[in-house]
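Working notes for the structure below.
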Amino acid sequence: MDSQLPRLLGVATGETLYMTSVAAALVLLAGLPLGVLLVVTDRGGLWERPVLNRVLGTLVNVGRSVPFIILMVAIVPLTRLLVGTTIGTTAAIVPLVVAAIPFMGRVVEQSLREVDAGLVEAAIAMGSTHRRIVFQVLIPEALPSLVRGTALVIISLLGYSAMAGAVGGGGLGDLAVKYGYMRFRTDVMLGCLVVLLVLVQLVQWLGDALASRFDHTRARSSR
Numbered sequence: 113m114d115s116q117l118p119r120l121l122g123v124a125t126g127e128t129l130y131m132t133s134v135a136a137a138l139v140l141l142a143g144l145p146l147g148v149l150l151v152v153t154d155r156g157g158l159w160e161r162p163v164l165n166r167v168l169g170t171l172v173n174v175g176r177s178v179p180f181i182i183l184m185v186a187i188v189p190l191t192r193l194l195v196g197t198t199i200g201t202t203a204a205i206v207p208l209v210v211a212a213i214p215f216m217g218r219v220v221e222q223s224l225r226e227v228d229a230g231l232v233e234a235a236i237a238m239g240s241t242h243r244r245i246v247f248q249v250l251i252p253e254a255l256p257s258l259v260r261g262t263a264l265v266i267i268s269l270l271g272y273s274a275m276a277g278a279v280g281g282g283g284l285g286d287l288a289v290k291y292g293y294m295r296f297r298t299d300v301m302l303g304c305l306v307v308l309l310v311l312v313q314l315v316q317w318l319g320d321a322l323a324s325r326f327d328h329t330r331a332r333s334s335r
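Position in the sequence shown counted from 1, then plus 112, gives you the numbering used here.
Right, dumping it as structure tokens:
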């Protein structure tokens, strides 16, 4: 078993990276528009729609309040419908995406709300369309915060993927349970933990580095 541990860790790490990267891409594609809608449809927003805003806000709050393990079980029919199975790394992507979209939406919303309102008012005064304000003012100004928030979401996905692995989703969580916990192999469990810690640190470092770079770029462009 000892000679197999590096290979098993390599395979499990690859599965975790696959789950997390695909889920993160889908979450970003859905969460960014959701966060923008939460901002622009709010009272005083660019496209004020209070009823739609309340509906979206309620859905986001409900989605964030459901524990991930319960969510995985609750959407089993959806998972089977989309990928044809409820077991394996591809199947685990479905609950990962469903769980993280509301979180990403709130992250985007919070980042956009940090943008100086005076910049938006100036853009409106110059006759900019709502679309241009969103894509040329709100998102560029909020980019450093958005990058840091996205890193936080990816880190959460890594944690979710470990839980998904514990119930048949593959990856490091599956390895830790099947070969570590059930076989009383402390070295396997520690190996999985170390890999997850390294991945989290890498994501956090990359997010901070990119956010700092965008901060400096924005500072230079504003001079």
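All C-beta atoms, glycine included, are put in the ideal place defined by N, C-alpha and C.
By the Cβ rule, the segment 247-255 does not count as touching the segment 164-179, because fewer than three pairs are nearer than 8 Å. Beyond the five residues adjoining it in sequence on each side, R244 comes within less than 8 Å, by CB distance, of A235 in the same chain, given in chain order. The Cβ-Cβ distance between V210 and T191 does not fall below 7 Å. Nearest neighbour of F180 by Cα position, chosen from P214, G196 and L149, turns out to be P214.
Distance from the CA atom of T128 to the CA atom of G282, rounded to whole angstroms, is 8 Å. For W317, the secondary structure class from DSSP, reduced to helix, strand or coil, is helix. Assigned with DSSP and collapsed to three states, R119 falls in helix.
Q316 is a Cβ neighbour of A263, given a cutoff of 7 Å. Approximately 5 Å separates the beta-carbon atoms of A203 and T197; this is inside 8 Å, confirming the contact. In the structure shown, D228 falls within a coil segment according to DSSP collapsed to helix, strand and coil. A buried status is given to R218, since no fewer than 16 other beta-carbon atoms sit within 10 Å of its beta-carbon. Shortest Cα-Cα distance from L164 to any of V178, L146 and S177 involves L146. T262: member of the alpha helix (DSSP H) spanning I251 to A276, first to last residue.
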